[in-house]
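2 protein chains.
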Amino acid sequence: MRIGQLAQLVGVETQTIRFYEQQGLLPPPDRQDNGYRVYTEKHGEGLAFIRRCRILGLSLAEIHELQSYQDDPHQPCTAVNALLDDHISHVRSQITALQALEKQLVSLRASCNDDREVEACGVLAGISEGKMHQQ
Amino acid sequence: MRIGQLAQLVGVETQTIRFYEQQGLLPPPDRQDNGYRVYTEKHGEGLAFIRRCRILGLSLAEIHELQSYQDDPHQPCTAVNALLDDHISHVRSQITALQALEKQLVSLRASCNDDREVEACGVLAGISEGKMHQQ
DNA sequence: TTTAAACTATAAAGCTACTATAAGGTCAAT
DNA sequence: ATTGACCTTATAGTAGCTTTATAGTTTAAA
Ligand SMILES: [Zn+2]
Ligand SMILES: [Zn+2]
Ligand SMILES: [Zn+2]
Ligand SMILES: [Zn+2]
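Just so you know, the protein sequences line up as chains F and C, in that order. For the first sequence, our numbering gives the first residue as 1, with consecutive numbering after it. For the second sequence, our numbering gives the first residue as 1001, with consecutive numbering after it.
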């Protein structure tokens, strides 16, 4: 299986596959005589794993860490669970921050209607005068 | 006022100020004979504006756009309000996406306890087997 | 058979919004 | 004279790719 087929199978671009290889997330495949990469099913599974991790918002470093745990399967999985817990709390704090941001933006938006000149725009005035709840 | 003082006043690093100048967000200040930048109060206000926009999550491009509106103050402020509306909906869709993500992560986490081996880890199994709600 | 499309390869740059580092010039005080 | 704090420019690094450039290979059509 060549890189293009693998890419289509998993739904990524070929460059992304090369990029993961370069980053040490995908093992370097064998090469044909012409230098073309040849992939196996294992590679397909590995790539799909990476993609699902990415969809879950895990960083490449976190994925790397998960892979290292997979490499000795008889360790307790505490670290895996902890990694996910950390990630969840990270996501939660992002949500909290964005919700606070949304509140600020909405109140800023409410300070203007559409029938003003830029000079008198409540939004611009609100930003300029620093009428923002700091944090 | 030199760059260090301005930086301390507004609470940014000097490099950030030079960076904004380079990006066309801050007008190039006059220079002393030795080449040092000299800033006025106007620059201070401009920089504070930029920083407050950044705190609101606006991109440099969006800030640039806002500045262009400020440059002719007798236009209607419709575009300003629209920019903010767009940004709000952007923030909201981020929140929605993160909440969906959190749900996925929590359910994934629930599929494991701390007393397993990596081999049997519910989290890793969940990712590997693609038991994820796509999207 | 020639040629063009589609594929592969590597290397390097671009994206965002900075931050950090390097190497050096300026200025006040000691 | 030298230290230290400040300033200058230029360059690289961060994350996770995407895009571009340049070139070699395979496959299919004309
Ligand atoms: Zn994380
Ligand atoms: Zn307005
Ligand atoms: Zn925005
Ligand atoms: Zn587990």
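The beta-carbon is built from N, C-alpha and C at its ideal position, and this holds for glycine as well.
C:H1064 has its alpha-carbon roughly 44 Å from the corresponding atom of F:P28.
Chain C has a Cβ within less than 8 Å of the Cβ of F:H74.
Shown here, C:R1037 sits in a strand according to DSSP, grouped into three states.
Its chain contains no residue whose beta carbon lies nearer than 6 Å to that of F:E41 once the 5 sequence neighbours on both sides are disregarded.
A direct Cα-Cα distance of roughly 32 Å separates F:S68 from C:T1096. At a cut-off of 8 Å between beta-carbon atoms, C:V1091 makes contact with chain F.
Under the 8 Å criterion on CB atoms, F:I127 is classed as interfacial with respect to chain C. Here the residues close to ligand 1, judged by CB distance below 7 Å to any of its heavy atoms, are F:G57, F:L58, F:S59, F:E62, F:D86, F:H87 and F:H90 in chain order.
By the Cβ criterion, the segment 115 to 122 of chain F is not in contact with the segment 1009 to 1027 of chain C, since fewer than three pairs of Cβ atoms, one from each stretch, lie closer than 8 Å.
Of all alpha-carbon atoms in C:E1119, C:L1105 and C:A1110, the one lying nearest the alpha-carbon of F:R54 is that of C:L1105.
Take the alpha-carbon of C:L1084 and the one of C:Q1075: they are about 17 Å apart. Among the residues of chain F, those whose CB is under 8 Å from the CB of C:L1108 are L56 and L84, following chain order.
In the displayed model, F:D30 falls within a strand according to three-state DSSP. With its beta carbon at least 8 Å from every one in chain F, C:T1040 lies outside the interface. Straight through space, the alpha carbons of F:R37 and F:L26 are spaced by roughly 12 Å. Taking a beta-carbon distance threshold of 8 Å, F:A48 counts as an interface residue toward chain C. Taking 7 Å as the cut-off, one finds at least one heavy atom of ligand 2 near enough to the beta carbon of F:R116. Residue contact with chain C for F:I3: absent (no Cβ-Cβ distance below 8 Å to any residue of chain C). The criterion of a C-beta distance shorter than 8 Å is not satisfied by C:G1130 and F:A82. Excluding residues up to 5 positions away in sequence, L60 lie with their Cβ nearer than 7 Å to the Cβ of F:Q23 in the same chain.
Relative to ligand 4, the nearest heavy atom lies less than 7 Å away from the CB of C:C1121. Straight-line spacing of the CA atoms in F:M1 and F:Y39 works out to 5 Å.
For C:C1077, the Cβ falls inside the 7 Å cut-off from some heavy atom of ligand 2.
The Cβ of F:D114 sits closer than 8 Å to at least one Cβ of chain C.
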